[in-house]
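Undergrad: Pasting a structure below so you can have a look.
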Amino acid sequence: MKLAVIGTGYVGLVTGACLADVGNTVTCIDVDEAKIRRLQDGIIPIYEPGLEDVVKTNFAAGRLKFTTQLSGAIAENEILMIAVGTPPNEDGSADLKHVLSVARAVGDSMTERKLVITKSTVPVGTGDKVKAAIQERLSARGMNIQFSIASNPEFLKEGAAVNDFMRPDRIVVGCMDEYARKKIEQLYAPFILNRHPVIFMDIRSAELTKYAANAMLATKISFMNEVARVAEAVGADIKSVRDGIGSDPRIGYHFTYPGVGYGGSCFPKDVKALKQTSHELGLDLAIVDAVERVNMSQRAFFVKKIESHFGGTNGIKGRKFAVWGLSFKPETDDIREAPALDVISRLLQAGAQVAAFDPIARDNVREHFGAAHALQICNDQYEPLAQADALLLLTEWKLFRSPDFDRVKSLLKKPVIFDGRNQYSLEQMRDLGFKYFSIGRPAV
Ligand SMILES: NC(=O)c1ccc[n+]([C@@H]2O[C@H](COP(=O)([O-])OP(=O)(O)OC[C@H]3O[C@@H](n4cnc5c(N)ncnc54)[C@H](O)[C@@H]3O)[C@@H](O)[C@H]2O)c1
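Numbering (my numbering), first residue to last: 4 to 447.
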């Protein structure tokens, strides 16, 4: 099949590359000229395990192309997938300007039947807006051309995106006609040989499914963070509690790890957008509201732990902290809404010095903060530890699971670790002689 993917970010690039990998011819389009130039030069603009190989192989085979020319790609391809960003507006609602500008461009350029599939995460009702935007431009041109719209929200996880796309748990599709249904069935047939289903529904339900999925996952995280606070207060161990509840298949183990809260480009913005949509409808989503509040307060809760150990906010002033992990989760360079950056900002504001290491996200953080920023970013894992008052573990990269603890101890001023991801056992920390604080477990 021949198709165009508009927006070449985490979702668009993975989608385009994976669809090309099963034999389709895919044109990826982006407004970011530098990004497209780099891709044409074989440079992958994001870190995503396995992606580079898929992109390079399919680019070399001529099945994957990169361009900034949207109108040409619209003319040449029957299937158009929208994967542009939908960042939050000030009020938390999703900003649809990129999605709708693509829809208008489709209406401006199409000369024959098209299927427009929205992959971006968009509020319920966006399908109608996309349809209206295309129709409006077609009418302005005096054209009467048939087109179909569909919603196909993406569920890939950064860090495992290629695998998720290639072997999806499920593919959700909202569409209104047989033409769209057949085309999409054909498009995804190579990916469901594992028998996982394509679930067809109406467009509004598909749009809501994406928000419900992310809000449910965020709810699990915030819920466990709240229980972890109780565990700490009563002297219980959240790890045992997690083992105890997770064995119930109705609850399960996934997404029940307490920590410094969720981040990334999806959960924070999608929870906000769902809240905003419900406010506009006059609905008060108490749970969703609380999920966001708990998430933000979890970062403050972690910083409070550090303050308490050093004798309050003033005790932090002038101290040096070493941070391991900056990306919002392991195996990605994505730092959007990363809890680590929030924790670091709070420490810097309190007058501390911070030196940090991350195996992949360093350059993005340097770019994000600018050269003059007080955060020192190190290229070596052990460099930030020199003369630091404590080590803070904020992203659970595998590299941090079994470090050289003797070296850690010898470099730190005193052997103190604040672990925001519960990576180490209490027993091991006690035996090694660390003062060790984690989440929902007793300090040792
Ligand atoms: N990142 C994820 O893990 C993930 C997972 C599922 C769904 N989503 C959703 O997918 C969408 C894209 O997310 P992302 O993380 O890939 O975003 P991203 O910011 O990485 O990429 C978006 C790309 O769209 C491009 N763009 C913007 N306007 C454009 C236009 N008019 N024409 C062509 N290109 C344009 C941008 O330059 C950028 O490269 C969002 O709605 C997001 O919520 C993201």
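Here a beta-carbon is modelled for each residue, glycine too, at the ideal position from N, C-alpha and C.
Could you tell me which of Q352, M84 and Q426 sits nearest to P406, measuring between CA atoms?
TA: Along the sequence shown, read from residue 1 onward, the residue named residue 406 stands at position 403. From the listed residues Q352, M84 and Q426, the smallest Cα separation to P406 is found for Q426.
Undergrad: Measuring alpha carbon to alpha carbon, tell me which of E310, K5 and W327 ends up nearest I319.
TA: Reading the sequence shown from its first residue, position 316 is the one you call residue 319. Per the Cα distances, E310.
Undergrad: Who are P91's beta bridge partners in DSSP?
TA: Taking the first residue of the sequence shown as position 1, residue 91 is located at position 88. Per DSSP, A97.
Undergrad: Are the CB atoms of N197 and R170 within a distance shorter than 7 Å?
TA: In the sequence shown, the residue the question calls residue 170 occupies position 167. In the sequence shown, the residue the question calls residue 197 occupies position 194. A contact, by the Cβ cut-off of 7 Å.
Undergrad: Which of the three DSSP states is assigned to C269 in this structure?
TA: If you number the sequence shown from 1, residue 269 lands on position 266. Of the three classes helix, strand and coil, the one that applies to C269 here is coil, per DSSP.
Undergrad: Which residues in the same chain as V244 place their Cβ atom closer than 8 Å to its Cβ, once the five residues preceding and following it in sequence are excluded?
TA: Residue numbering aside, residue 244 sits at position 241 when the sequence shown is read from its first letter. Correct list, in chain order: V230, A234 and G443.
Undergrad: Under the criterion of a Cβ to heavy atom distance below 6 Å, does T89 qualify as lining ligand 1?
TA: As a working mapping, residue 89 is identified with position 86 in the sequence shown. Under cutoff, so the answer is yes.
Undergrad: Under 8 Å by Cβ, that's how I've got T18 and F168 pegged, so tell me the actual separation to the nearest angstrom.
TA: Stepping through the sequence shown from its first residue, residue 18 is reached at position 15. Stepping through the sequence shown from its first residue, residue 168 is reached at position 165. T18 to F168, Cβ: 7 Å. Contact.
Undergrad: The alpha helix (DSSP H) spanning M299 covers which residue range?
TA: Position 296 of the sequence shown, counting from 1, holds the residue named residue 299. Start and end: A289 to H312.
Undergrad: Applying the criterion that 16 or more other CB atoms from any shown protein chain within 10 Å of the CB defines a buried residue, is R66 buried or exposed?
TA: Stepping through the sequence shown from its first residue, residue 66 is reached at position 63. Around the beta-carbon of R66, 16 or more other beta-carbon atoms lie within 10 Å, marking it buried.
Undergrad: To which residues does DSSP link G177 through a beta bridge?
TA: Indexing the sequence shown from 1 puts residue 177 at position 174. Listed as beta-bridge partners of G177 by DSSP are S154 and M204.
Undergrad: Could you tell me whether the stretch 383-391 touches the stretch 313-327, where touching means 3 or more Cβ pairs closer than 8 Å?
TA: Yes: the two stretches touch, three or more of their Cβ pairs being nearer than 8 Å.
Undergrad: Identify every run of the beta strand (DSSP E) within the stretch 206-268, keeping only runs that are complete inside it and at least 3 residues long; order them along the chain.
TA: none
Undergrad: Taking 6 Å as the cut-off, is the CB of E157 close to at least one heavy atom of ligand 1?
TA: As a first step, residue 157 is located in the sequence shown; it is residue number 154 there, counting from the start. Result yes, Cβ under 6 Å from ligand 1.
Undergrad: Report yes if the C-beta of S330 is less than 6 Å from at least one heavy atom of ligand 1; otherwise report no.
TA: Taking the sequence shown and counting its residues from 1, the one referred to as residue 330 is at position 327. Proximity of the beta carbon of S330 to ligand 1 is not indicated: no heavy atom of the ligand is located closer than 6 Å.
Undergrad: With E161 and D337 assumed to form a contact (beta carbons below 8 Å), what rounded beta-carbon distance in angstroms separates them?
TA: Position 158 of the sequence shown, counted from the start, is the residue given in the question as residue 161. Position 334 of the sequence shown, counted from the start, is the residue given in the question as residue 337. Between D337 and E161 the Cβ distance is about 5 Å, and since that is below 8 Å, they are a contact.
Undergrad: How big is the Cα-Cα spacing for A218 and V274?
TA: Taking the first residue of the sequence shown as position 1, residue 218 is located at position 215. Taking the first residue of the sequence shown as position 1, residue 274 is located at position 271. The C-alpha of V274 is placed about 6 Å away from the C-alpha of A218.
Undergrad: Given the structure, does C269 come close to ligand 1, in the sense that its CB is under 6 Å from one of the ligand's heavy atoms?
TA: Along the sequence shown, one-based indexing puts residue 269 at 266. Checking the Cβ of C269 against ligand 1 gives yes.
Undergrad: Measure the C-alpha to C-alpha separation of H312 and A236 and round it to an integer number of angstroms.
TA: For this step, residue 312 is matched to residue 309 along the sequence shown. For this step, residue 236 is matched to residue 233 along the sequence shown. Going from the Cα of H312 to the Cα of A236 covers about 16 Å.
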